[in-house]
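Structure record follows, encoded as structure tokens.
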Amino acid sequence: MLRFSVSPEEDGLRADVVLTARQGSLSRSAVSKAIAGGALEINGSVCASSSRKLRAGEEIAFAIPEQAPERPEAENISLDIVYEDDDLIVIDKPRGMVVHPGAGNREGTLVNALLEHIGDGIRELGDPERPGIVHRIDKDTSGLIVCAKSRAAFDGLKEQFERHSIRREYKAIVHHNIKEDEGTVDVPLGRDPSNGSRRAVNGSGARRAVTHYKVLERLGDYCLISAVLETGRTHQIRVHMAYIGHPVAGDPIYGPRKDRLGAGGQLLHAGYLGFIHPVTGEEMSFESALPEYFVKILTKLRNRANG
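Start counting the sequence shown at 158; every next residue gets the next number (this note's numbering).
In structure tokens, the structure reads:
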């Protein structure tokens with residue numbers, strides 16, 4: 158059961174929109190169907206209207222219907238394997254690959270590829286829809302991701318992520334010239350109340366999020382930066398950089414509508430990953446070179462900046 162008081166930011170929004178953003182596991186159509194079936198109570202009274210506009214301060218109770226998770230299937234998909242042993246595997250994920258199955262992406266994901274490469278043994282590790290997955294990077298973000306192959310690795314890596322002891326460094330091209338050479342963005346992130354697929358500063362269920370950034374190169378009206386995650390919230394770098402007025406170039410959600418560089422997606426690459434091997438205790442570190450499409454745009458910007 159999901160219970161909450163409608164926030165001022167949610168005032169005037171439709172019930173199905175707010176509930177989709179709040180619970181995160183059901184699609185808007187599934188939420189609407191549940192509301193029609195009597196799953197929603199507002200101030201103690203059943204409301205069967207998905208379009209009902211909520212008011213700040215109203216008390217909401219929503220009985221989230223149980224859904225049997227779909228079982229992802231193994232698929233023969235090529236993987237760029239950076240490192241592998243009996244306990245874990247490090248992949249250099251290409252842009253365009255979704256990490257795990259979800260609404261609208263049931264096939265062609267990293268999980269489907271891992272099931273083929275590793276086998277059904279990883280199905281017992283974590284969520285049935287995302288076995289072996291201990292962290293994620295966005296579909297159109299390229300770069301390094303570590304996945305577990307054993308229970309010891311899964312538990313150990315999850316613990317390191319929870320302690321924020323794993324070092325993840327990204328490179329990004331962002332809009333506009335950042336005045337300072339480096340800085341930190343420390344503002345909480347949660348779901349955007351008006352769109353459950355987006356994240357927003359101080360959104361629903363906001364949690365602390367910290368990103369450290371450094372300017373590596375100034376390129377006219379753009380900058381090449383490195384960004385180190387202290388925490389790992391969904392879309393964190395993208396939202397944080399947009400929040401300070403420097404959205405990631407090519408970002409179709411948090412950046413300008415027009416992709417002036419022809420990037421075809423956000424220019425964000427997970428280039429460094431460092432952690433302690435959860436079984437051997439060895440210090441592990443991996444680097445991934447910028448992909449070709451990223452380098453081409455970077456070269457174009459350098460040529461433009463140099464006249």
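Positions of the beta carbon are idealized from the N, C-alpha and C atoms, including for glycine.
Proximity test, Cβ basis, 8 Å: residue i and chain D
i: residue 199; result: Of the protein chains in the structure, only one exists, and it is not chain D.
Start-to-end residues for the alpha helix (DSSP H) that takes in residue i
i: residue 177; result: 172-180
i: residue 291; result: Taken as a continuous stretch (DSSP letters only), residue 291 belongs to no alpha helix (DSSP H), as it is neither H nor E.
i: residue 398; result: 393-400
i: residue 275; result: 267-275
i: residue 452; result: 449-462
Where residue i falls, given that 16 or more other Cβ within 10 Å makes a residue buried
i: residue 158; result: exposed
i: residue 341; result: exposed
i: residue 334; result: exposed
i: residue 408; result: buried
i: residue 456; result: exposed
i: residue 437; result: exposed
i: residue 321; result: exposed
i: residue 459; result: exposed
Identity of the residues DSSP links to residue i by a beta bridge
i: residue 305; result: 245
i: residue 327; result: 384 and 427
i: residue 334; result: For residue 334, which the question treats as bridged, DSSP gives no partner whatsoever.
i: residue 374; result: 381
i: residue 238; result: 248
i: residue 367; result: 343
i: residue 159; result: 219
i: residue 405; result: 331
i: residue 442; result: 431
i: residue 189; result: In DSSP, residue 189 forms no bridge with anything.
i: residue 299; result: 426
8 Å contact criterion, which residue i and residue j should meet: CB distance rounded
i: residue 178; j: residue 295; result: Wrong, their Cβ atoms sit about 18 Å apart, outside the cutoff.
i: residue 153; j: residue 431; result: Outside the modelled stretch of the chain, which goes from 158 to 464, sits residue 153, for which no answer is possible.
i: residue 426; j: residue 448; result: 7 Å
i: residue 503; j: residue 215; result: Outside the modelled stretch of the chain, which goes from 158 to 464, sits residue 503, for which no answer is possible.
i: residue 289; j: residue 302; result: About 11 Å; that fails the 8 Å criterion.
i: residue 219; j: residue 196; result: 6 Å
i: residue 229; j: residue 286; result: 6 Å
i: residue 464; j: residue 297; result: About 31 Å; that fails the 8 Å criterion.
Residue range of the beta strand (DSSP E) that includes residue i
i: residue 356; result: 352-358
Segments assigned beta strand (DSSP E), at least 3 residues, entirely inside the region 191-235:
197-199 and 216-219
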